[in-house]
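A.B. asks:
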Amino acid sequence: MNTAIRVRGLAKSYGGLRAVDGVSFDVAEGEVLAILGPNGAGKTTTVEILEGHRNRDSGEVSVLGTDPDSGGRRFRDRIGIVLQAAGVDRELSTREALELYGAAYSSPRSIDELIELVELQDSADDRIVSLSGGQQRRVDLALGLIGNPELIFLDEPTTGFDQRARRRSWDVISNLTSLGRTIVLTTHYLDEAEYLADRIAVMSKGRIVADGTLAELRESLQSDTKIAFELPRLEEPLMELLDPLVGQGRGRGRRVEVLTPAPTVDLAHITSWAVQRGIELDGLTVESADLEDVYLSLVGEDEDSEDSGRADE
Amino acid sequence: MSEHRAAGRASLVVRHIRAQNRIFWRVPIGAFFALFLPVMMLVLFVALFGSDAYTTEYGEVSRAQFYTPALAVFAVASATFTNLAINLSIRRDEGILRRVRGTPLPPWIYLAGVIGSAVYMALIGTVAVVTLGVVAYGVNIESAKLPAMAVALVLGATAFATWGVALTAFTRTAAAAPALANAVLLPLAFVSNVFVSFEGEAPAWLLLVGDAFPLRHFVISFGEAMSPFSEAPAFVPDRLGVLVAWTVVGALVAWRGFRWEPAVGASSPRSRRGNTR
């Protein structure tokens, strides 16, 4: 299979902040890659460099055999971009906007087909300003596809959507993947990456910390076990408990979770620590870890970010 | 091959001008300020001061004869300078300019569409004001001076369109654009013979201020071509020269200062859309 995107040692800093810090990956033709990571991980910067929207500091980038920095009009004729925040002339109708933007491409898609694909048949002639947020996002999607692109970039396609709108967008994006297009999407939703992507690259603090197919990621964590319990008091010295463990532990308030490849050793350590101090560990469970647990441990979710974690799910 | 591409670009420009015209008519506020307001001001000013004649250095003219070219020029300035400063700032903040840069559409074609549409609206405004003046108030125009009117109009519209684009360099967010554009244009109009004529009686420094900026030169070039006292062809080369000079400076400022990307923290479509349904 041919390579659609090849990235080696990509880096980009803003001021002193290394937003993208030496990233390398490939995307094969026809593959759907999800770049998964929390806000500020460097996903959007990476994708914007691939799109030609942003210059890189260093590294090699080849997209459809072209350097996006110097790709020009011919390059942009072959890609479709759905940005996180890109407006459209909202006084136009969806159909008018598609006609206007489609005219610049060498082989635009049929507008009626596209309107059907994004399920906007009933409002195609309404002004975009009168559409709901979810519908406007689907207009964005249609505009990204109007040029019949070989390669599509989707930057957080469902951020801010409710569950129903997300499902609908997922269906639309799944339709695209069945057309054999290469897709790179960024998301901070694990379930979205799981649902849409062939391969997931997990990004954290400007680096790719895991890269593989869903099956590979699952396999790598099958060996992991999650030990979870609650401490009776918040003020227990957690470091003393967690540092000697084989696995990786994190606390959220009184709840402690340990992800470990050596459950027997770690469980023994935890229980003896508790027995020594005369503490009862409430709700102690030992179970195999799921993808979510592994993702959270990869992106370094820990005590500092407890209010951005599961509380809002 | 290259000819084919050139034709493609011309048709894209036309397509974008027409799309922007459509948008213009769908946003009543822009149409109100650029087209309706100057026409309404002509009706009001003539109704208020209609019977008085103006004494100029050449002789007496009617109020309508004074206000028609002045308000035609004001319509041009609103349709180009004010509207472009506002519309381009909004399109930048909404990320429309950003989107364009990710498509094979050359960004200058999008800009040409927005600017072309503004100039087209300026022409409509001028025709509306002048037609009203001629038909309703007996304002004089002479065919021999039409070329001078046209040249003044084109050079003036170009200067103000250029500065409308240039002004976006000074509007960090679109919210600042209407205030800034009006804060520049309205005081200028008062020292540029648009609302009042004060040749000879105004303090010298006010005349100097008026002469330093392009609006007064535009008003006088266009007014001279409509004046009953001027000799055809009625070109005013030094005033027109000032308009060209301002265009050159404006083009440099626009070239250096125009931004395609929204400022950090400028409202994005996402934040303005609010909660998605």
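Quick mapping for you: the protein sequence lines, in order, are chains D and B. Quick note: the first sequence uses my numbering, first residue 1283, plus one each step. Quick note: the second sequence uses my numbering, first residue 970, plus one each step. For glycine and all other residues, C-beta sits at the position ideal for the given N, C-alpha and C.
Does the Cβ-Cβ distance between B/V1015 and B/G1125 come in under 7 Å?
C.D. replies: Not closer than 7 Å, so no.
A.B. asks: Can you pull the chain B residues whose beta carbon is under 8 Å from the beta carbon of D/L1382, in chain order?
C.D. replies: Per Cβ cutoff of 8 Å: R984, H985, A988.
A.B. asks: Determine, using beta carbons only, whether D/G1341 comes closer than 7 Å to chain B.
C.D. replies: So, not an interface residue.
A.B. asks: Flag this pair as touching only if the segment 1036-1054 of chain B and the segment 1321-1332 of chain D have three or more C-beta atom pairs under 8 Å; answer yes or no.
C.D. replies: Output reads no: the segment 1321-1332 of chain D does not touch the segment 1036-1054 of chain B.
A.B. asks: In angstroms, rounded to a whole number, what distance separates the CA positions of D/A1556 and D/L1573?
C.D. replies: Using only the alpha carbons, I get a separation of about 28 Å.
A.B. asks: Compute the Euclidean distance between the alpha carbons of B/F1050 and B/T1131, then round it to the nearest angstrom.
C.D. replies: Whole-angstrom Cα-Cα distance: 8 Å.
A.B. asks: Okay, do the segment 1141-1149 of chain B and the segment 1057-1071 of chain B touch, 3+ Cβ pairs below 8 Å being the bar?
C.D. replies: Segments in contact, yes.
A.B. asks: Using CA atoms only, rank isn't needed, just tell me which of D/P1545, D/E1498, D/R1559 is closest to D/E1522.
C.D. replies: Closest option to D/E1522, Cα to Cα, is D/R1559.
A.B. asks: Looking at the C-beta of B/Y1072, does it have a partner C-beta in chain D at a distance below 7 Å?
C.D. replies: Sequence check: residue 1072 of chain B is Thr here, not Tyr. At least one chain D Cβ lies under 7 Å of B/T1072.
A.B. asks: What number of angstroms, rounded off, separates the C-alpha of B/W1224 from the C-alpha of D/D1444?
C.D. replies: The alpha-carbon atoms of B/W1224 and D/D1444 are separated by roughly 43 Å.
A.B. asks: Taking D/R1534 and D/L1513 to be in contact with their CB atoms under 8 Å, please state how far apart those CB atoms are, rounded to whole angstroms.
C.D. replies: In fact, because the Cβ distance is near 11 Å, the residues do not count as touching under 8 Å.
A.B. asks: Helix, strand or coil: how does DSSP classify D/A1301 here?
C.D. replies: D/A1301 falls in the strand class under three-state DSSP.
A.B. asks: Are the segment 1067-1081 of chain B and the segment 1164-1184 of chain B touching by the rule of at least three beta carbon pairs closer than 8 Å?
C.D. replies: With the cut-off at 8 Å, the segment 1067-1081 of chain B and the segment 1164-1184 of chain B do not touch.
A.B. asks: Grab me the residues of D/L1520's own chain with a C-beta within less than 6 Å of its C-beta, minus the 5 sequence neighbours each way, in chain order.
C.D. replies: So the list reads G1533, once near-sequence residues are dropped.
A.B. asks: Do D/A1316 and D/T1469 have their beta-carbon atoms positioned less than 7 Å apart in this structure?
C.D. replies: Cβ atoms of D/T1469 and D/A1316: closer than 7 Å.
A.B. asks: Would you be able to state if there are at least three C-beta pairs under 8 Å between the segment 1394-1408 of chain D and the segment 1327-1347 of chain D?
C.D. replies: Touching, no.
A.B. asks: Counting only beta-carbon separations shorter than 7 Å, does D/E1373 have a partner in chain B?
C.D. replies: So, interface residue.
A.B. asks: Out of D/T1459, D/A1310, D/Y1383, D/D1564, which has the shortest C-alpha to C-alpha gap to D/G1347?
C.D. replies: Of D/T1459, D/A1310, D/Y1383, D/D1564, the residue nearest in Cα terms is D/A1310.
A.B. asks: Please check if any C-beta of chain B sits within less than 7 Å of the C-beta of D/D1359.
C.D. replies: Yes, because at least one Cβ of chain B sits closer than 7 Å to the Cβ of D/D1359.
A.B. asks: Taking 7 Å as the CB-CB cut-off, is D/R1355 touching chain C?
C.D. replies: The structure shown contains no chain C; the protein chains it does contain are D and B.
A.B. asks: Classify D/P1526: buried if its beta carbon has 16 or more other beta carbons within 10 angstroms, exposed otherwise.
C.D. replies: Per the 10 Å Cβ criterion, exposed.
A.B. asks: Looking only at its chain, what residues have a beta carbon closer than 7 Å to the beta carbon of D/D1349, apart from the 5 residues adjacent to it on each side?
C.D. replies: Excluding positions up to five away in sequence, the list reads V1343.
A.B. asks: Identify which residue in D/L1374, D/A1368, D/V1411 has its Cα closest to the Cα of D/L1436.
C.D. replies: Checked all of D/L1374, D/A1368, D/V1411; the closest Cα to D/L1436 is D/A1368.
A.B. asks: So, helix, strand or coil for D/K1487, using DSSP?
C.D. replies: Looking at D/K1487 - three-state DSSP - the assignment turns out to be coil, as it is neither helix nor strand.
A.B. asks: With burial defined as no fewer than 16 other Cβ atoms inside 10 Å of the residue's Cβ, what is the status of D/Y1383: buried or exposed?
C.D. replies: By the 10 Å Cβ count, D/Y1383 comes out buried.
A.B. asks: Comparing the C-beta of B/M970 with each C-beta of chain D, is any distance below 7 Å?
C.D. replies: Low confidence applies to B/M970: its pLDDT is 41, below 50, so where it sits in the model is not reliable, and the reading given next is rough at best. No, B/M970 does not count as interfacial toward chain D.
A.B. asks: By the 10 Å Cβ neighbour count, where 16 or more other Cβ atoms means buried, how is D/Y1387 classified, buried or exposed?
C.D. replies: It is buried - the Cβ of D/Y1387 has at least 16 other Cβ atoms within 10 Å.
A.B. asks: Report the neighbours of D/E1432 on chain B: residues whose CB is nearer than 7 Å to its CB, in chain order.
C.D. replies: Near D/E1432 there are no residues of chain B at all, since even the closest Cβ is about 13 Å away, more than 7 Å.
A.B. asks: With burial defined as no fewer than 16 other Cβ atoms inside 10 Å of the residue's Cβ, what is the status of D/G1298: buried or exposed?
C.D. replies: Its Cβ having fewer than 16 others within 10 Å, D/G1298 is exposed.
A.B. asks: So which residues on chain D does B/P1147 lean against when the C-beta distance must stay under 7 Å?
C.D. replies: Correct list: empty, because the minimum Cβ distance to chain D is about 18 Å.
A.B. asks: Compare the C-beta of B/E1063 against all C-beta atoms of chain D and say whether one is closer than 7 Å.
C.D. replies: Closer than 7 Å to some Cβ of chain D, the Cβ of B/E1063 qualifies, so yes.
A.B. asks: Which class does B/D1207 belong to by DSSP, given the choice of helix, strand or coil?
C.D. replies: Here B/D1207 sits in helix by DSSP.
A.B. asks: Using Cβ-Cβ distances below 7 Å, what residues of the segment 992-1009 of chain B are close to chain D?
C.D. replies: Under the 7 Å Cβ criterion, the segment 992-1009 of chain B contributes I992, R995, V996.
A.B. asks: Run the CB neighbour count on B/G1102, radius 10 Å, all protein chains shown included, and call it buried at 16 or more, exposed below.
C.D. replies: Classification of B/G1102: buried, given that the 10 Å Cβ count is 16 or more.
A.B. asks: In the DSSP assignment, find the alpha helix (DSSP H) that holds D/R1377 and state where it starts and stops.
C.D. replies: Element bounds for D/R1377: 1376-1384.
A.B. asks: Taking D/A1310 as the query, report the chain B residues whose CB atoms sit under 7 Å from its CB, ordered along the chain.
C.D. replies: Within 7 Å Cβ-Cβ: nothing; D/A1310 doesn't reach chain B, min ~23 Å.
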